[in-house]
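Okay, so the sequence shown: first residue is 6 according to our numbering, each after it adds one.
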Amino acid sequence: MEYLIGIQGPDYVLVASDRVAASNIVQMKDDHDKMFKMSEKILLLCVGEAGDTVQFAEYIQKNVQLYKMRNGYELSPTAAANFTRRNLADYLRSRTPYHVNLLLAGYDEHEGPALYYMDYLAALAKAPFAAHGYGAFLTLSILDRYYTPSKFQLSKLGTLQKRFILNLPTFSVRIIDRNGIHDLDNISFPKQGS
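Below, the structure is given as structure tokens:
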């Protein structure tokens with residue numbers, strides 16, 4: 006029931022995630038943040054097994070911050086994505102694999118905005134738009150047909166809420182641009198009566 010979406014614009018990356026923490030069919034929390042700040046301009050969105058997501062994301066987060074302390078500068082989004090992919094691939098071949106799906110969004114002064122899609126098998130791809138979770142099946146086909154970098158309306162999430170059977174009541178939304186990471190207002194969809 007989890008859902009992540011990322012869309013790259015001409016000078017920004019917009020990301021959103023649902024706020025539900027669920028175990029099987031039971032909703033445990035409705036204010037869970039699935040976004041982890043790697044650096045001033047890099048954000049990691051993580052879904053998957055409950056314990057794996059937080060443990061893996063915090064491990065990557067702390068190592069990216071350690072890199073900055075040791076070297077005096079931050080990793081670029083490309084370098085952070087490759088570092089994350091390498092670690093996920095190494096854990097995949099160990100006795101303790103992490104079952105996590107990731108989106109990594111960031112902004113670099115030289116390369117501009119970047120959005121990376123990574124699945125639990127450590128397959129990494131740079132993409133203009135990406136989504137994970139059950140809602141991705143619907144969303145990716147729509148974005149594939151209608152995506153243009155210059156115009157994307159956040160109201161399209163309402164279409165997902167209307168057409169998608171499972172209930173995703175609230176989304177966290179953030180935007181990453183040359184000035185850093187900015188929180189936007191949460192998007193809430195009231196429950197519809199039957």
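Note that the Cβ used here is the ideal one computed from N, Cα and C, for glycine as well. Remember, it's a predicted structure, so these values are computed and weren't measured experimentally.
Indicate the three-state DSSP secondary structure (helix, strand or coil) for residue i in the structure shown.
i	result
residue 15	coil
residue 179	strand
residue 173	coil
residue 29	coil
residue 143	helix
residue 55	helix
residue 73	helix
residue 78	coil
residue 103	coil
residue 184	coil
residue 50	strand
residue 20	strand
residue 35	coil
residue 190	strand
residue 121	strand
residue 152	coil
residue 109	strand
residue 97	helix
residue 130	strand
Do residue i and residue j have their C-beta atoms closer together than 8 Å?
i	j	result
residue 11	residue 142	no
residue 119	residue 89	no
residue 86	residue 109	yes
residue 99	residue 55	no
residue 39	residue 71	no
Counting C-beta neighbours from all protein chains within 10 Å, is the total for residue i 16 or more, i.e. buried, or is it exposed?
i	result
residue 140	buried
residue 67	exposed
residue 105	buried
residue 151	exposed
residue 58	buried
residue 190	exposed
residue 45	exposed
residue 78	exposed
residue 30	exposed
residue 37	buried
residue 23	buried
residue 187	exposed
Shortest alpha-carbon distance to residue i belongs to which of the options?
i	options	result
residue 111	28, 131, 144, 35	131
residue 175	193, 186, 51, 62	193
residue 121	114, 153, 81	81
residue 50	107, 113, 75	107
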